[in-house]
Each structure stands twice: as structure tokens, then as C-alpha cells.
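Numbered as in UniProt numbering, the sequence shown ends at 292 without a single skipped number. Glycine residues also receive a C-beta, built at the ideal position from the N, C-alpha and C atoms. Only a predicted model underlies this, so the values are computations on that prediction, with no experimental measurement involved. Notes for the one structure printed next.
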Amino acid sequence: MGDSAHARTQTRRQVRDFLTGRRARLTPGDVGLPAVRANRRVRGLRREEVAALAGISVDYYIRLERGDARGVSDGVLRNVGRALRLDETEHAHLLDLVRAGDGARPCRPVAGAAVLRPSVRRILDSMTTTPALVLDGRLAVVGANALGRALYQPMYGACGNASVARFVFTDPAARSFWPDWDVIADDTANALRAASGSNPCDRGLGELTAELAARSTEFASRWDRHDLHVARTGTRRIAHPLVGRLTLPFESTPLAADPGQTLLMYSAAPGSAEQDALHIMASWTTADRGGR
């Protein structure tokens with residue numbers, strides 16, 4: 001099966017699972033319908049209830065939920081999204097899946113490894129007091145500055161490669177590194193799920209998620225939720241093996257010129273213990289460069 005045909009098959013399956021999951025999470029009371037009877041056997045809304053709320057026939061909705069979205073208009077998808085109480089992120093994800101599944105959006109194969117542009121590399125290297133990394137859609141590190149590598153030191157293997165997703169779900173050290181591991185795990189699985197809708201031809205991403213699902217029940221359960229929300233700003237707690245516990249604000253910014261790549265940056269408040277710790281790590285990286 002070619003990449004395009006394989007991608008369409010996978011995205012139709014995702015449409016089915018996404019709609020089924022979103023229907024199951026709602027109760028009739030959530031959408032203004034009469035309260036659930038005690039003997040109701042269906043978990044969540046019935047298909048006919050969603051169809052009525054969306055203003056389409058039951059057969060039409062059943063076809064859509066089975067992943068056959070050929071000829072479905074954006075207006076119908078908006079109505080289905082409103083019926084299922086999808087937010088903007090979820091609606092955009094559904095639209096991506098449907099247009100990839102019906103062949104309306106060209107399927108462009110994704111290269112095996114993302115490339116960091118020289119100008120982005122220079123920007124990273126100029127950030128000497130801020131840990132910074134660039135991640136691709138598979139959450140592999142495309143590039144990092146010296147302080148970013150020092151902060152994420154436990155994630156880097158002997159070969160020097162780094163995958164946030166594999167570290168989170170397959171390396172026991174991740175639970176020590178991130179005291180709030182459950183939050184990190186949620187964000188990681190959600191980011192991969194969102195990327196799978198945006199990049200249906202990325203077979204490498206599909207292979208990664210299949211690998212993680214086979215190796216980690218924690219990942220498999222999160223993957224099946226089809227959640228999409230990823231924190232783009234906030235605070236992360238890190239237990240660094242050399243400088244101790246840190247609480248660092250972060251910003252995660254997509255690189256507009258490099259689809260799928262995201263710049264992740266950490267900072268520390270002036271005069272804080274975290275700033276002192278970053279200064280210590282920065283001094284190590286300077287010493288390492290001077291000793292080469």
C-alpha cells in the first residue's frame with residue numbers, strides 16, 4: 001500500500017475513533033436533552049441524537065462516524081462539531097482528519113529526519129542563559145543549545161540522540177526527572193495525537209506511536225483518549241540529577257517557517273534559586289567548550 005492510501009486508511013480509522021470517543025463522553029443532559037434513564041444501555045449520546053443535533057440524517061452520521069467522509073461539507077462538519085461540543089482545537093483536528101481521509105488534501109510524504117535551519121541554530125546558540133530546544137512533530141530533538149542539553153541531560157542516550165516521547169514513556173528515569181510525570185505524559189501523548197492529524201503521511205510518526213503503544217500501557221491508554229490539548233505556556237517542575245529541583249516557566253512556540261517544528265524555552269526569575277542553578281549549568285557548558 002502506498003503512502004497516500006495507507007494515510008487515508010489510517011485517518012479514516014482516526015475519524016471513526018475520534019467521533020466515537022467524543023460521542024461517548026457526552027450525556028444527554030450535556031446537550032440539553034432529557035435526563036438519562038436508569039436502564040439506558042448506551043454510553044454517552046446515541047448516534048441518532050448526534051444526528052438530530054447536527055441536522056443530518058442518522059444514516060449520514062453513521063457513514064461519517066465509520067470514517068467515510070467523502071463529500072462531507074465544512075458546514076456539516078461544523079454542525080457535527082457543535083453537536084459534539086468540540087472546541088476550536090478539536091474541530092480543526094476533525095477537519096484535518098476528514099480532508100486527509102477523503103483525499104481532498106494532498107498527501108506529502110514526510111522526510112525521515114527534520115532539519116534545523118542554520119539561522120535557527122544561530123538563534124539557539126545565542127541564547128546562553130536560556131535552555132532551549134527545537135522539537136519536531138514526533139517530539140524528537142532537532143536541535144538544542146548547550147544549556148538545553150545540560151537541562152535535559154538525563155534524556156540524552158549514549159549515542160547523543162534524544163526523543164522526548166520515548167524518554168517519557170519508556171525510560172524509568174523520566175518519572176524522577178519530572179515530578180509531575182502524569183502531566184508531562186498527557187501533554188506528550190496529546191501532542192503526538194494532534195500531529196497525527198496534521199501529518200497523516202508521516203509513517204515514521206505512525207511507527208513511533210505503534211511502538212510506544214506496544215511498550216507502554218500508560219501511552220496506549222492516553223492515545224486512545226484522542227485528547228489534543230497541549231500546554232504552550234506554564235511552569236514545569238524538574239528534578240535535575242546534578243542541580244536539584246527546579247520550577248521553571250516555559251514557552252512553546254511553533255516555528256512558522258518550519259511546519260511541525262516547535263521552539264521550547266525555559267526561563268528563571270531574576271535572583272531565584274533556579275537562576276543560580278541555570279548559571280551553574282551554563283558555567284559547565286562554557287568549561288566544556290573551553291576544554292575542547
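- Counting only the Cα atoms, Ala83 lies some 17 Å from Ala35.
- Per DSSP, the unbroken beta strand (DSSP E) holding Val134 starts and ends at 132-135.
- Annotation note: the segment 13-84 contains the following uninterrupted alpha helix (DSSP H) runs of length 4 or greater, listed N- to C-terminal: 47-54, 58-65, 74-83.
- Minimum Cα-Cα distance from Glu211 among the listed residues Gly32, Thr170, Arg99, Gly271 corresponds to Thr170.
- DSSP, read as helix, strand or coil, puts Gly143 in strand.
- Annotated three-state conformation of Arg222 is helix, per DSSP.
- With a cutoff of 9 Å on beta-carbon distance, Ala146 and Ala52 are scored as not near each other.
- With distances taken between CA atoms, Ala173 lies nearest to Tyr156 out of Tyr156, Pro28, Ala231.
- The segment 249-266 and the segment 124-135 touch, with no fewer than 3 CB-CB distances between them shorter than 8 Å.
- Between Ala269 and Val243, the CB-CB gap reaches or exceeds 9 Å.
- Excluding five sequence positions before and after Ile123, none of the CB atoms of its chain fall closer than 6 Å to its own CB.
- Contact between the segment 219-234 and the segment 250-258 is present, with at least three C-beta pairs closer than 8 Å.
- Cβ neighbours of Pro179 within its own chain (closer than 7 Å, five residues either side excluded): Arg237, Ala239.
- With a cut-off of 8 Å on Cβ pairs, the segment 214-229 is not in contact with the segment 40-59, counting fewer than three such pairs.
- Where Thr209 is concerned, there is no enclosing beta strand (DSSP E), although the alpha helix (DSSP H) around it starts and stops at 203-215.
- Its chain contains Val168, Phe169, Glu218, Phe219, Arg222 as the residues whose beta carbon lies nearer than 8 Å to that of Ala185, once the 5 sequence neighbours on both sides are disregarded; these appear in chain order.
- Under the DSSP assignment, Leu192 falls in the alpha helix (DSSP H) whose first and last residues are 181-198.
- Taking C-alpha positions only, Ser119 is separated from Asp125 by approximately 10 Å.
- Residues Leu97, Ala100, Gly101, Pro200 of the same chain have their beta carbon placed closer than 7 Å to that of Thr11, with the five preceding and five following residues left out of the count.
- Straight through space, the alpha carbons of Leu116 and Gly143 are spaced by roughly 6 Å.
- About 6 Å separates the beta carbon of Arg13 from that of Gly67, a gap short enough to meet the 8 Å contact definition.
- The C-alpha of Leu208 is placed about 18 Å away from the C-alpha of Arg8.
- A distance below 9 Å separates the beta carbons of Thr89 and Ala194.
- With fewer than 16 other Cβ atoms inside 10 Å of its own Cβ, Arg245 counts as exposed.
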